[in-house]
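Novice: Right, I'll just put the structure down here and ask away after.
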Amino acid sequence: MERWNASCGGCEEAWVDLAEDILKVVEAVDIVLWPVALDFKRKDVEALKDGEIAVAFLNGAVRTSEQEDWSKLLRRKAGVVIAFGSCAHLGGIPGLANFSDRQGVFDAAYGYLPTVENPDGTRPELKTKMPEGDLELPEIYDTVYALDQVIDVDYYLPGCAPPPDLIMEAVGAILAGELPPKGSVLAPDKSLCDTCDRNESKPDKIELTELKRPHMTFMDPEKCFLAEGVLCMGPATRSGCGERCINANMPCRGCFGPTDEVRDHGAKFLSALASIIDINDQDEMDKLAESIPDPAGLSYMYSLPTSILARKRMKKS
Ligand code: SF4
Ligand code: SF4
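As C-alpha cells, this is what we get:
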C-alpha cells in the first residue's frame, strides 16, 4: 500500500514515473490502499488483520493528528514500513515549518502573505458549526515530524522524490526477500561528490573568498559548483539520485540527506564549507556570512526535524 502525509504529491508522481515498470509492480502485488489512485476506505484497512499488509510505503512528514493516526494504523497493519521520500525520511521541506510554530504558520498562511485575502481573519478550527452539523478538522501540530519520530520505520527510500531506479530496486528486493538490515537507507552510502562528474574539475585546494548565488553568476556546466563559490551540498549528501540537479546545472540542495556516518546533515555541510573559506579578517567574514540569505534554511532544507536542532525553541506556555 501507498499513502501520503504532509507532502507535495511529488512522491505519488514518482510511482507514475516508473512508466511501464508500474505494470510489473501491479502484477506482482495486491494493492490494498492507494488513496491518490484507487478508492479504498479507512474501514477497509481497519478490517485487515494486524501485519496483513506486506509492505507500506508512507510518504510525507507528520504534522497533523490525522497523519499521526493513519501512520500508527498502518504500522499495525503492515509487516514492513518504508519511509518514502525526503519528507518521511528526514522531515523534508514541510519540516522547515519547525523554524516557526503553528501560530506563526497560520499568521503567514491566513494573514500577512501578500496573496492572502482574509478580511475576517478566519483560521482553521478543530470544530466548525455548519447548518449540516459540526465539521471537524484534524489538529495541526506545532512541530513537524519525520515518520520515524512517530512510528517504527523499517527502511528509508530517500529523495525528493525517490528516483525510479531506486524504487524498482527496493520493490525487487522486497519481492525477492533480499532486503538489507532493518534501518537501512535504500541508496548508496557514498557522498554525492564521490559520484559527481564535476569532482575531477576541483583544484587540489579550494580557497573561497566570496560566495555566489546561482542566478548571479555564469555556471560553467563542467566545473564543480563549490570550487566556483556556488553553495552545493554534495560533500554532505548521499548519492543515488543520478546527480539530477547537477546535470540540470543546478547545485545540490541535499534532498537525499546525509550518509550513514553523518549525524547532522546541516552541520556537516557547514563544516565542509568552513574548511574551504580562505578569509582571516572578521569584517570580511561577516560580509561573506551575510551573502547567504538564509543559512539555516539552506543547510537544513530537507532535514530540520531530524537534525540536532530539531526545531526553533518554543516559548513556555
Ligand atoms: S560540490 Fe557539487 S558540483 Fe562539486 S563535486 Fe560535489 S556534488 Fe559535484
Ligand atoms: S542533486 Fe541533491 S538535491 Fe538534487 S536530486 Fe540529487 S540529492 Fe537531491
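Converting from the sequence shown to this note's numbering requires adding 114 to each position, the first position being numbered 1.
Ideal placement from N, C-alpha and C gives every residue a C-beta, glycine not left out.
(1) What is the chain-ordered set of residues for which the beta carbon lies under 5 Å from any non-hydrogen atom of ligand 1?
(2) Give a yes or no on whether the C-beta atoms belonging to Asp-248 and Arg-216 are separated by under 8 Å.
(3) Got a sec? Which residues, its chain only, sit under 7 Å from Ala-301 by beta carbon, not counting five neighbours each side?
(4) Any heavy atom of ligand 2 closer than 7 Å to the beta-carbon of Thr-236?
(5) Which residue or residues does DSSP assign as beta-bridge partners of Thr-229?
(6) Below 7 Å, is the gap between the Cβ of Cys-369 and the nearest heavy atom of ligand 2?
(7) With distances taken Cα to Cα, identify the nearest neighbour of Leu-162 among Val-146, Met-244 and Leu-152.
(8) Taking 7 Å as the cut-off, is the CB of Gly-511 close to at least one heavy atom of ligand 2?
(9) Does DSSP put Val-195 in a helix, a strand or coil?
(10) For a test of the three-state rule: what should DSSP assign to Val-176, helix, strand or coil?
(11) Is the CB-CB distance between Glu-116 and Trp-148 below 8 Å?
(12) Could you give the residue range of the beta strand (DSSP E) that holds Glu-250?
(13) Please classify Lys-241 as buried or exposed, where buried requires at least 16 neighbouring CB atoms within 10 angstroms.
Specialist: Judging by the given coordinates:
(1) Leu-306, Cys-307, Cys-310, Arg-312, Asn-313, Cys-338, Phe-339, Leu-340, Cys-346 and Gly-348
(2) Locating residue 248 in the sequence shown gives position 134, where the first residue counts as 1. Locating residue 216 in the sequence shown gives position 102, where the first residue counts as 1. No, the pair does not count as a contact, with Cβ atoms beyond the cut-off.
(3) Position 187 of the sequence shown, counting from 1, holds the residue named residue 301. Closer than 7 Å at Cβ, skipping near neighbours: Pro-272, Leu-280, Arg-352, Gly-354 and Phe-370.
(4) If you number the sequence shown from 1, residue 236 lands on position 122. No, ligand 2 has no heavy atom inside 7 Å of this Cβ.
(5) Your numbering for residue 229 matches position 115 in the sequence shown. Answer by DSSP bridge pairing: none, since Thr-229 is not bridged.
(6) To locate residue 369, count along the sequence shown from 1; it is residue 255. Correct: Cys-369 has its Cβ closer than 7 Å to ligand 2.
(7) If you number the sequence shown from 1, residue 162 lands on position 48. Nearest option by C-alpha distance: Val-146.
(8) Residue 511 lies beyond the stretch modelled for the chain, which goes from 115 to 431, so this question has no answer here.
(9) Against the sequence shown, residue 195 aligns to sequence position 81. In the structure shown, Val-195 sits in a strand (DSSP, three-state: E or B).
(10) Taking the first residue of the sequence shown as 1, we reach residue 176 at position 62. If DSSP states are grouped into helix, strand and coil, Val-176 belongs with the strands.
(11) What you label residue 116 is simply residue 2 of the sequence shown in a count that begins at 1. What you label residue 148 is simply residue 34 of the sequence shown in a count that begins at 1. Yes, they are a contact pair.
(12) Within the sequence shown, the letter at position 136 stands for residue 250. Residues 247 to 250.
(13) Along the sequence shown, read from residue 1 onward, the residue named residue 241 stands at position 127. When all chains shown are included, Lys-241 counts as exposed.
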